[in-house]
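What follows is a set of notes on a single structure, which appears directly below.
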Amino acid sequence: MANVGIRGYAYCLNHAPELGYHYGITPNIERETKGETDYIRELASHRQSWEEAKDYAPNQAYIGGITLEKLTASPQPWYDHRLTESPRYGNYGEIMPEDEFIGLLDICDVFDIIWLEKDFAASVRKKLEASPVLNEKIIARLEEGHPLEEIEREVRDKRALPLFIEGKVVACARNGHEIDDCLFAYVLLENLACKTGGVLALLHLLKNTGMAPEEVDFVLECSEEAAGDMNQRGGGNFAKAVAEIAGCVNASGCDVRAFCAGPVCAMIDAASQVASGARKNCVVLAGGAIPKLYMNSRDHVKKKMPALEDCLGNFAVLLVPDDGTHPIMRLDVLGKHSVGAGSSPQAVTTALILDPLERAGLSFLDVDKFAAELHINEITLPAGAGDVPLANIKMTAALAVMKGALEKGEMMTFVKERGLPGFAHTQGHIPSGVPFVGHACDALKEGTMKRAMIIGKGSLFLARLTNLADGASFLLEPPTGKKPGAAAASKEDIKALLLEVLSDLSEKID
727 MANVGIRGYA
737 YCLNHAPELG
747 YHYGITPNIE
757 RETKGETDYI
767 RELASHRQSW
777 EEAKDYAPNQ
787 AYIGGITLEK
797 LTASPQPWYD
807 HRLTESPRYG
817 NYGEIMPEDE
827 FIGLLDICDV
837 FDIIWLEKDF
847 AASVRKKLEA
857 SPVLNEKIIA
867 RLEEGHPLEE
877 IEREVRDKRA
887 LPLFIEGKVV
897 ACARNGHEID
907 DCLFAYVLLE
917 NLACKTGGVL
927 ALLHLLKNTG
937 MAPEEVDFVL
947 ECSEEAAGDM
957 NQRGGGNFAK
967 AVAEIAGCVN
977 ASGCDVRAFC
987 AGPVCAMIDA
997 ASQVASGARK
1007 NCVVLAGGAI
1017 PKLYMNSRDH
1027 VKKKMPALED
1037 CLGNFAVLLV
1047 PDDGTHPIMR
1057 LDVLGKHSVG
1067 AGSSPQAVTT
1077 ALILDPLERA
1087 GLSFLDVDKF
1097 AAELHINEIT
1107 LPAGAGDVPL
1117 ANIKMTAALA
1127 VMKGALEKGE
1137 MMTFVKERGL
1147 PGFAHTQGHI
1157 PSGVPFVGHA
1167 CDALKEGTMK
1177 RAMIIGKGSL
1187 FLARLTNLAD
1197 GASFLLEPPT
1207 GKKPGAAAAS
1217 KEDIKALLLE
1227 VLSDLSEKID
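Residues in the sequence shown are numbered consecutively from 727, following my numbering.
Okay, here's the thing in structure tokens:
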């Protein structure tokens, strides 16, 4: 079966503390059900500035500003040991300030849902013009803005949602329908934020690869949002909406949904299209989820620590036919969680890691790094959810011992050498393995790694349809060095070539 090359990748964060404070699911429900409680009042003082978020080591690791080795070596808690002179732009993408993100929201809005205040629109336009990925055509989409009185009236009389910067109203998100709750302002704001994050990641991907937007053939979007109206709540299509803004005029696309396993499933879908020849250049991307901003902030406030869940995560990966120069994604070593596999941690780990390795004649020790659920542990530990990446690699090590691939005394060495620190925000789909693709491909190209496994896992009970677990996995390996068409010739090809040569010789003799 054909391999597929990974030509490029982009990872960006949108710092959004105001969006989180007002519309993150935990503070939003608290405010709706209990009013301005002590938790809500205290949360305001626990928010990070953009500078603080920029200097937070896991955020820099996510955008490629530092290596994972440097992240691991940095003392914890990372929020007490900020980096200094951290860049806004890393090797993979950027950490965008919230005011620019709101401006980009308006740029990505095609139904006049977002209204910007006039002075704010003018100020943010100047900032966006300095972006290395936004061209004049894209920036021209930014509206001139509305008087503040119009925005306040829209909020007061038509249930629009105010958008804030430093506590001041600078914009609003309007309803798309009077009675369809799938098109109310909260849902549309959530979907537009997801779309906008996807656009930013795609633009950085195009910059990183040097590919023209017109060259993209197909886009698969794999967030956890659902776009539609009351007749088809999850109809889509985020993928084409993102491609439109980025100028990918020759691309089509569709959405892939599998909760936290979505990105890995989308990577497999895209790779299959490329390998089959159906598409040439496929992009897998996703934007972030506003509801998950400050999801665990109640516990962060209790622990007197910064509220760390203040960034929307997004990414984009470009898959192309294998030409021997790019790290490859193997389509003959895919893990899947089948219906009958069982939902215990051991059963899931067996299905996603052991089974595909055994089918390929490989063992646990043939994989340098296992990447699954890469949540930042400083976000999850205070909330009682544990260190998720550590728990995953410990389960992998335990299974390796059970299968005789590892001695019990070697477990912690395995954990240390083949596990990864969490460096992705708790955006659900965003942490699930795919954030490591960039770092892994860098190591594979440099020759410091021979193999990595990317693992996505999901919980399906959330939709109240089934209690089954879910998941998928794939392997990454170094560039093959083989040129296209360099596969071994068949006997028939060799025979035909010899006959052709003999015929030529015969003609020359005559």
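From the three backbone atoms N, C-alpha and C, an ideal C-beta is built for every residue, glycine too.
Assigned exposure category for residue i - 16 Cβ within 10 Å defines buried
i, result
"E875", "exposed"
"Q1072", "exposed"
"F827", "buried"
"I1054", "buried"
"I905", "exposed"
"R900", "buried"
"Q774", "buried"
"V1065", "exposed"
"A1126", "buried"
"G1110", "exposed"
"K1030", "exposed"
"D883", "exposed"
"M1128", "exposed"
"E940", "exposed"
Nearest candidate by alpha-carbon position, reference residue i, set the options
i, options, result
"A866", "E878, I877, A848, R882", "A848"
"A977", "E947, M956, C986, D955", "E947"
"N1118", "E878, L1078, G1110", "L1078"
"I755", "V945, P1017, G973, G924", "P1017"
"G1159", "Q786, A992, S1070", "A992"
"L739", "T759, F837, P813", "P813"
"R808", "T1076, F837, P823, E778", "E778"
"A938", "L914, V1009, E878, M956", "V1009"
"N957", "C908, A984, V1000", "C908"
"E823", "L745, M1128, V1065, I766", "The residue asked about is misnamed: residue 823 is Pro in this sequence, not Glu. For the residues L745, M1128, V1065, I766, the minimum Cα distance to P823 belongs to L745."
"K1134", "K1142, E1143, A1124", "A1124"
"V836", "L868, E855, P1157, Q774", "L868"
"F985", "C974, Y747, V730, F1187", "F1187"
"C834", "A1126, A856, L915, E855", "L915"
"T1195", "R851, S1089, S1070", "Looking at the sequence itself, residue 1195 is Ala, so the reference to Thr does not match. It is S1070."
"E970", "Y765, L926, K852", "L926"
"K853", "A728, M1031, L1038, D825", "D825"
"R959", "L1107, V913, R1190", "V913"
"K1028", "I1105, V881, N861, H741", "I1105"
"V982", "G902, K1120, G961", "G961"
"R851", "I839, D832, I840", "D832"
"M1138", "T1122, A1150, D1025", "T1122"
"R757", "P801, R1024, G1003", "R1024"
One or two residues paired with residue i in a DSSP bridge
i, result
"P888", "C898"
"F910", "The partner list for F910 (beta bridge, DSSP) is empty, contrary to what the question assumes."
"I732", "L1045"
"Q958", "D955"
"C991", "Answer is none; C991 lacks a bridge partner."
"G1182", "A1198"
"K1095", "A1178"
"L739", "I821, G1039"
"F944", "S978, C1008"
"Y815", "E820"
"H1101", "A1150"
"H1165", "Bridge partners of H1165: none, in fact."
"M1055", "V730, L1202"
"L1060", "F1200"
Own chain partners of residue i with C-beta closer than 8 Å, once the 5 adjacent residues on each side are dropped
i, result
"Y735", "Y818, L931, N934, F1041, A1042, V1043, L1044, V1163, G1164, C1167"
"P1115", "A1098, E1099, L1100, H1101, N1103, G1145, L1146, P1147, G1148"
"L1202", "I732, P1053, I1054, M1055, R1056, V1163, A1166, C1167, L1170, R1177, A1178, M1179, I1180"
Close-in-space but distant-in-sequence residues of the same chain around residue i (CB under 7 Å, 5 per side omitted)
i, result
"N917", "E951, A953"
"M1021", "G750, I751, T752, E1035, T1152"
"G936", "none"
"I789", "Y737, C738, L739, G816, Y818, G819, E820, I821"
Beta-carbon proximity list for residue i, same chain, < 6 Å, skipping 5 on both sides
i, result
"N1103", "D1113, G1148"
"A1212", "Here the model assigns A1212 a pLDDT of 47, short of 50, so the residue's position is not dependable and the matter cannot be decided."
Proximity of residue i and residue j at Cβ, strictly below 8 Å
i, j, result
"I994", "L929", "no"
"P1205", "G1050", "yes"
"A911", "L887", "yes"
"K1062", "A1198", "yes"
"A1015", "G871", "no"
"L769", "P784", "no"
"G1182", "A972", "no"
"S1089", "A1131", "yes"
"V1000", "G979", "no"
"V686", "K921", "Lying before the first or after the last residue shown, residue 686 is absent from the chain, which here runs from 727 to 1236."
"Y747", "Y782", "no"
"E880", "W841", "yes"
"F846", "V990", "no"
"G902", "S949", "no"
8 Å Cβ cutoff, residue i in contact with chain B
i, result
"E820", "The structure shown contains no chain B; it holds only a single protein chain."
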